[in-house]
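Peer 1:
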Amino acid sequence: MLDSATILKLFGALNDELRVAGVRGEIGICGGAVMCLVFNARESTKDVDAIFRPTREIRDAGRAVAQKFGISSDWLNDAAKGFFLSQPPVHDVVELSNLRVWAPQADYMLAMKCVSARFDSHDLDDTKFLLKHLGVKTVEEASTIIEKYYPRNVIPAKTQFLLEELLDNGEAFISRRGQLES
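Numbering that gives the first Met the number 0 numbers the first residue of the sequence shown as 0 and each following residue consecutively.
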């Protein structure tokens with residue numbers, strides 16, 4: 000698992016690799032890395048989901064960093080790139096000599112989490128955190144945020160069901176840990 004300090008160290012090493020190669024790179028992180036680095040909502044993540052450019056050069060540099068640190072070669076991956084349907088509103092997370100790392104703002108992150116609809120592992124907790132962080136109280140408010148970034152036809156039905164379970168009537172939700180939460 001990668002905690003915030005480790006992720007920042009890996010970005011520093013990635014910057015070094017890019018500097019040696021004479022390349023300036025840009026990474027847009029999402030998923031667990033944002034929840035760790037930006038929101039401090041969790042202690043660690045298994046990998047860094049991102050979009051990046053130049054793709055080949057950053058992928059090569061990422062593999063070199065993985066080898067140097069003895070971690071999985073897919074610690075930095077673009078598996079979530081299909082969820083970036085538009086350019087999100089962003090803020091910088093890290094700015095180094097040869098690497099800029101940015102993250103989507105909280106409302107875009109909520110929309111991504113809801114559209115990906117992988118409500119297993121940490122995704123459910125991440126969604127709950129983002130709803131609370133944004134002060135979203137109703138399904139309608141959540142839907143408005145999601146539809147700001149995604150057309151209705153790409154929003155899975157299970158997203159609606161989950162939001163109803165989490166938000167309707169202010170009902171409490173039983174977390175995976177068995178704790179009653181509002």
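We treat Cβ as the ideally placed atom computed from N, Cα and C, and that holds for glycine.
Model, not experiment: these values are computed from the prediction.
1. Smallest Cα separation from P88: which of R41, L7, I50 and Y107?
2. In terms of alpha-carbon separation, which member of T158, L123 and N97 lies closest to F51?
3. Output needed for D73: all residues of its chain with C-beta closer than 7 Å, excluding positions within five of it in sequence on either side, in chain order.
4. Pair every Cβ in the stretch 11 to 24 with every Cβ in the stretch 98 to 117, then say whether three or more of these pairs are closer than 8 Å.
5. What do you reckon, are the CB atoms on V135 and I145 nearer than 8 Å?
6. In whole angstroms, give me the CA-to-CA distance for M34 and F82.
7. Thinking just about the alpha-carbon of each residue, which of A65, G30, K80 and R117 is nearest to the one in T5?
8. Return the first residue and the last residue of the beta strand (DSSP E) that A116 is part of.
9. According to the neighbour-count rule (16 or more other Cβ atoms, all chains shown, within 10 Å of its Cβ), is P103 buried or exposed?
10. Mapping DSSP to helix, strand and coil, what is N39?
11. Who does A49 pair with in a DSSP beta bridge?
Peer 2: Taking the coordinates as given:
1. Taking the first residue of the sequence shown as position 1, residue 88 is located at position 89. When each option's Cα is compared against that of P88, the closest is Y107.
2. Taking the first residue of the sequence shown as position 1, residue 51 is located at position 52. Closest option to F51, Cα to Cα, is N97.
3. Taking the first residue of the sequence shown as position 1, residue 73 is located at position 74. Contacts found: D46.
4. Three or more beta-carbon pairs separated by less than 8 Å link the stretch 11 to 24 to the stretch 98 to 117, which places the two stretches in contact.
5. The residue you call residue 135 lines up with position 136 of the sequence shown. The residue you call residue 145 lines up with position 146 of the sequence shown. No Cβ-Cβ contact shorter than 8 Å links V135 with I145.
6. Working through the sequence shown from its first residue, we reach residue 34 at position 35. Working through the sequence shown from its first residue, we reach residue 82 at position 83. Rounded to the nearest angstrom, the two C-alpha atoms are 16 Å apart.
7. In the sequence shown, counting from the first residue as 1, residue 5 sits at position 6. The option with the nearest alpha carbon to T5 is A65.
8. Within the sequence shown, the letter at position 117 stands for residue 116. Unbroken run through A116: none, as it is neither H nor E.
9. For the purposes of this step, residue 103 is taken as residue 104 along the sequence shown, with counting starting at 1. Answer is buried; the Cβ neighbour count reaches 16.
10. Residue mapping note: residue 39 aligns to position 40 of the sequence shown, counting from 1. Of the three classes helix, strand and coil, the one that applies to N39 here is coil, per DSSP.
11. Residue numbering aside, residue 49 sits at position 50 when the sequence shown is read from its first letter. Per DSSP, I28.
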